[in-house]
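Here the structure comes first, spelled out in structure tokens, and everything after it is commentary.
Protein chains: 2
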Amino acid sequence: MAALLPISINPNPLAKKMSRSNPSRPSRTTVAIMSQDHPYWASVHAEIEVHLKQHILVRPPLSVSEPMHHFVFSAPPSPGPALCVAACELVGGHRDQAIAAAAALHLMHAAAVTHEQLLSTDGPKTKPKPRPMVHSPGIELLTGDGIFAFGYELLAKSMDPAQNNSDRILRVIIEMTRAMGSQGMVDGQYHEILTLCKQSRYYKYVCEKKEGGFHACGTILGGAGEEEIERLRRYGLCVGVTRAFSNRVEEGNEMETMEVVKELRSLALKELEFFHEGKAEAISSFLHLSSL
Amino acid sequence: MAALLPISINPNPLAKKMSRSNPSRPSRTTVAIMSQDHPYWASVHAEIEVHLKQHILVRPPLSVSEPMHHFVFSAPPSPGPALCVAACELVGGHRDQAIAAAAALHLMHAAAVTHEQLLSTDGPKTKPKPRPMVHSPGIELLTGDGIFAFGYELLAKSMDPAQNNSDRILRVIIEMTRAMGSQGMVDGQYHEILTLCKQSRYYKYVCEKKEGGFHACGTILGGAGEEEIERLRRYGLCVGVTRAFSNRVEEGNEMETMEVVKELRSLALKELEFFHEGKAEAISSFLHLSSL
Chain A
650 MAALLPISIN PNPLAKKMSR SNPSRPSRTT VAIMSQDHPY WASVHAEIEV
700 HLKQHILVRP PLSVSEPMHH FVFSAPPSPG PALCVAACEL VGGHRDQAIA
750 AAAALHLMHA AAVTHEQLLS TDGPKTKPKP RPMVHSPGIE LLTGDGIFAF
800 GYELLAKSMD PAQNNSDRIL RVIIEMTRAM GSQGMVDGQY HEILTLCKQS
850 RYYKYVCEKK EGGFHACGTI LGGAGEEEIE RLRRYGLCVG VTRAFSNRVE
900 EGNEMETMEV VKELRSLALK ELEFFHEGKA EAISSFLHLS SL
Chain B
650 MAALLPISIN PNPLAKKMSR SNPSRPSRTT VAIMSQDHPY WASVHAEIEV
700 HLKQHILVRP PLSVSEPMHH FVFSAPPSPG PALCVAACEL VGGHRDQAIA
750 AAAALHLMHA AAVTHEQLLS TDGPKTKPKP RPMVHSPGIE LLTGDGIFAF
800 GYELLAKSMD PAQNNSDRIL RVIIEMTRAM GSQGMVDGQY HEILTLCKQS
850 RYYKYVCEKK EGGFHACGTI LGGAGEEEIE RLRRYGLCVG VTRAFSNRVE
900 EGNEMETMEV VKELRSLALK ELEFFHEGKA EAISSFLHLS SL
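Line order of the protein sequences matches chains A and B.
So the first sequence is numbered by my numbering: it starts at 650 and just counts up by one.
So the second sequence is numbered by my numbering: it starts at 650 and just counts up by one.
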């Protein structure tokens with residue numbers, strides 16, 4: 650059976666490097682670093698993890714659920730899930746309203762990563778060191794499909810007549826499908842396999858498509874108005890792309906990359922100015938973290 | 650650009666053979682045969698096709714949308730979409746209430762078929778003659794992912810405040826994700842690549858997982874009660890498996906296969922006895938067709 654790993658949504662680059670270099674090792678250290686330095690993000694992370702563990706069970710047929718469990722809990726971090734919760738709270742929603750969507754965002758990300766491993770054998774290499782393949786290509790393909798489906802199921806199941814939240818959940822499903830579909834993730838991945846993404850403008854395009862479409866979910870679930878939704882959507886887009894560019898520093902293009910990061914950070918902070926002073930403190934700390 | 654093909658949901662085995670043997674040829678003949686002999690199914694088919702054509706557009710980025718268009722409109726037939734509409738009408742719903750779900754069911758099927766082509770190169774061959782691969786494996790993988798996402802989007806977008814149908818749509822999304830996920834389609838496909846499915850009991854298991862989970866959608870959208878939903882779910886399961894077994898006759902195991910088909914037909918008709926005489930005539934004619 651695959652090792653049962655905690656997810657790692659912490660954007661700490663050291664932790665990320667660790668989890669990438671050996672995806673089959675537990676990343677508890679990540680959580681520990683977060684807990685000390687950033688209790689807010691640690692608590693968000695912990696609640697998403699609990700939700701995922703409650704729902705991603707190893708049950709018959711084991712041949713299908715074990716690889717699914719493995720890929721979900723060994724996926725590298727992405728900013729979407731934690732930002733989803735923080736955005737919901739920023740607009741006055743309760744954390745519970747966003748946890749299922751945050752977990753679904755992690756599942757979408759994990760499924761995309763699982764399928765990307767298959768892409769790395771098709772066309773020019775886009776990642777310098779793809780992770781070693783644990784399962785056969787067929788299992789990776791089917792497991793990714795199963796995780797996608799379960800992500801939408803988890804989200805749809807969070808409907809609650811007492812909260813009268815069906816319309817919001819359907820709107821979030823539409824957001825998520827667009828982010829994952831041919832105008833979003835799929836487009837980004839396609840362009841990633843076509844190019845080596847050495848040029849910043851191509852790299853930015855790929856990152857925007859892959860990272861940028863997921864950031865309205867928490868705001869919608871928290872009951873925000875359209876202006877707040879758009880502000881936090883753009884904030885999330887900037888954070889996601891900043892994050893991807895920050896990781897790129899390791900791969901060269903330092904000067905150009907740092908300039909893009911600086912510009913994106915500035916744009917991101919500008920979006921938060923819309924909110925009352927002090928209210929956006931928690932969510933803005935993520936940006937600070939992600940460009941460490 | 651990929652040829653723009655009409656979908657073929659007609660279960661006529663001759664038409665199916667044609668569309669399989671040359672998936673890049675238009676299958677208009679299929680529709681013509683249906684129109685003459687079965688105006689009800691022809692009209693259902695035509696409305697689903699119109700809905701798909703309105704929503705599956707070739708638009709930028711063409712590199713992503715063209716293969717998507719191709720795979721959606723060249724997928725071989727499956728009984729799910731037409732039965733979805735018929736079940737909705739049987740329980741007193743209007744056809745419009747089920748068309749988006751029927752189109753989404755076709756998209757799920759088309760995406761699964763697209764990914765299955767990739768599986769046929771992994772492990773023992775499960776189909777005697779896999780279709781020739783038009784696109785690279787990377788494109789097939791990403792296109793399938795994009796089609797899955799769009800299927801859920803199409804369904805979620807069919808929410809209509811005037812109809813107050815959000816709860817029903819969310820329930821249908823849950824049904825569809827389960828049918829596609831690790832307990833449904835993925836499990837069936839996994840077992841299909843593991844075995845050559847020569848033994849009827851394995852083949853039946855695979856068919857039940859792959860074909861059987863999609864048949865409550867139209868009934869839910871038509872506003873049926875739980876008993877009606879369960880009856881038509883089981884009817885759809887029997888029809889789907891009957892259909893798969895009927896096609897298997899060509900591949901040997903004739904006697905055993907015919908026995909299974911006979912038993913399934915009998916079970917399917919039993920489910921329809923629950924409905925007032927005459928009301929289930931349209932939907933029962935599909936069973937008759939599918940075992941031709």
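From the three backbone atoms N, C-alpha and C, an ideal C-beta is built for every residue, glycine too.
Original post:
Can you tell which of THR906(B), SER915(B), PHE923(B), VAL734(B) has its C-alpha closest to the C-alpha of ARG880(B)?
Top reply: PHE923(B)
Original post:
Run through DSSP, which three-state label would MET808(A) get?
Top reply: The answer is coil: DSSP assigns MET808(A) none of H, G, I, E or B.
**OP:** Using a Cβ cut-off of 9 Å (strictly closer), state whether VAL713(A) contacts chain B.
**Re:** yes
**OP:** Return the residues of the stretch 824-837 of chain A that lie within a Cβ-Cβ distance of less than 7 Å from chain B, sorted by chain order.
**Re:** THR826, ARG827, MET829, GLY830, SER831, VAL835, ASP836
Original post:
At a Cβ cut of 7 Å, what residues of the stretch 720-735 of chain B count as close to chain A, listed as they run along the chain?
Top reply: none
**OP:** Quick one: grab the DSSP three-state call for GLY874(A).
**Re:** coil
Original post:
Does any C-beta atom of chain B lie closer than 9 Å to the C-beta of GLU802(A)?
Top reply: For GLU802(A), the answer is yes, since a Cβ of chain B falls inside 9 Å of its Cβ.
Original post:
Within 9 Å (strictly less), CB to CB, does PRO810(B) reach chain A?
Top reply: yes
Original post:
Does any CB atom of chain B fall closer than 9 Å to the CB of PHE797(A)?
Top reply: yes
Subject >> Proximal chain A residues relative to HIS764(B), where beta-carbon distance stays under 7 Å >> reply: LEU790, ASP794
Subject >> Interface flag, ASP745(B) vs chain A, CB-CB below 9 Å >> reply: no
Original post:
Buried or exposed: where does SER958(B) fall if 16 or more other Cβ atoms within 10 Å of its Cβ makes it buried?
Top reply: Because residue 958(B) is not part of the residues shown, which for chain B are 650 to 941, the question remains open.
Subject >> Under the three-state DSSP convention, the category ILE822(A) falls into >> reply: helix
Original post:
Quick one: which chain A residues come within Cβ less than 8 Å of ASP816(B)?
Top reply: MET808, PRO810, SER815
Subject >> Presumed contact (8 Å Cβ cut-off) between ARG864(A) and GLY729(A), rounded CB distance >> reply: A small correction: the amino acid at residue 864(A) is His; Arg does not occupy that position in the sequence shown. Contact check for HIS864(A) and GLY729(A): beta-carbon distance about 7 Å, within the 8 Å limit, so the pair qualifies.
Original post:
Would you call the stretch 713-721 of chain B and the stretch 687-697 of chain B in contact, with 3 or more CB pairs under 8 Å?
Top reply: no
**OP:** For ALA749(A), I'd like the list of residues in its chain whose CB is within less than 8 Å of its CB, leaving aside the five on either flank, ordered along the chain.
**Re:** For ALA749(A), the CB contacts under 8 Å within the same chain, skipping 5 residues up- and downstream, are HIS700, LEU803, LEU804, LYS806, SER807 in chain order.
Subject >> Same chain, Cβ closer than 6 Å to ILE932(B), five either side skipped, listed in chain order >> reply: Take ILE932(B), set aside five residues on each side of it, and the residues of its chain with a beta-carbon closer than 6 Å to its own are ALA735, LEU739, in chain order.
**OP:** Check each residue of the stretch 688-716 of chain B: if its Cβ is closer than 7 Å to any Cβ of chain A, include it; give the result in chain order.
**Re:** Hits within the stretch, in order: PRO710, SER712, VAL713, SER714.
**OP:** Apply the 10 Å Cβ neighbour rule to ASN814(B) and answer buried if 16 or more other Cβ atoms are within range, or exposed otherwise.
**Re:** Residue burial annotation: ASN814(B) is buried, with at least 16 other C-beta atoms found within 10 angstroms of its C-beta.
Original post:
Thinking just about the alpha-carbon of each residue, which of ASP745(B), GLU876(B), LEU870(B), VAL835(B) is nearest to the one in CYS856(B)?
Top reply: VAL835(B)
**OP:** Pull up the distance between the alpha-carbon of LEU768(B) and that of GLY795(B), whole angstroms please.
**Re:** 18 Å
**OP:** Could you name the residues of chain A that ILE878(B) contacts, counting a contact when the two beta carbons are closer than 8 Å?
**Re:** Neighbours of ILE878(B) on chain A: none; closest Cβ ~17 Å, over 8 Å.
Subject >> Where VAL909(A) falls: helix, strand or coil (DSSP) >> reply: helix
Original post:
Taking just the CA atoms, how far does GLU930(B) sit from GLN812(A)?
Top reply: 41 Å
**OP:** Check the C-beta distance from LEU756(A) over to VAL888(A) and give it rounded, since I have them as a contact under 8 Å.
**Re:** The Cβ separation is near 20 Å, so there is no contact.
Subject >> Separation of LYS858(A) from MET907(A), as counted between CA atoms >> reply: 20 Å
Original post:
Beta-carbon of ILE822(A) versus every beta-carbon of chain B: anything under 9 Å?
Top reply: Answer yes: the Cβ-Cβ gap between ILE822(A) and chain B drops below 9 Å somewhere.
Original post:
What residues from chain A crowd round LEU819(B), counting only those whose CB sits closer than 7 Å?
Top reply: ALA805, MET808, SER815, ILE818, LEU819
Subject >> ASN814(A) - DSSP class collapsed to helix/strand/coil >> reply: coil
Original post:
Is there at least one Cβ from chain B nearer than 9 Å to ALA761(A)'s Cβ?
Top reply: yes
Original post:
Would the beta-carbon of GLY862(A) fall within 9 Å of that of LEU886(A)?
Top reply: yes
Original post:
Which residues in the same chain have their Cβ closer than 7 Å to the Cβ of GLU765(B), if we skip the five residues on either side of it in sequence?
Top reply: GLN838
Subject >> Opening and closing residue of the alpha helix (DSSP H) in which LEU732(A) lies >> reply: The continuous alpha helix (DSSP H) containing LEU732(A) extends over residues 729-739.
Original post:
Is it right to say LEU706(B) is buried, meaning 16 or more other beta carbons lie within 10 angstroms of its own, or is it exposed?
Top reply: exposed
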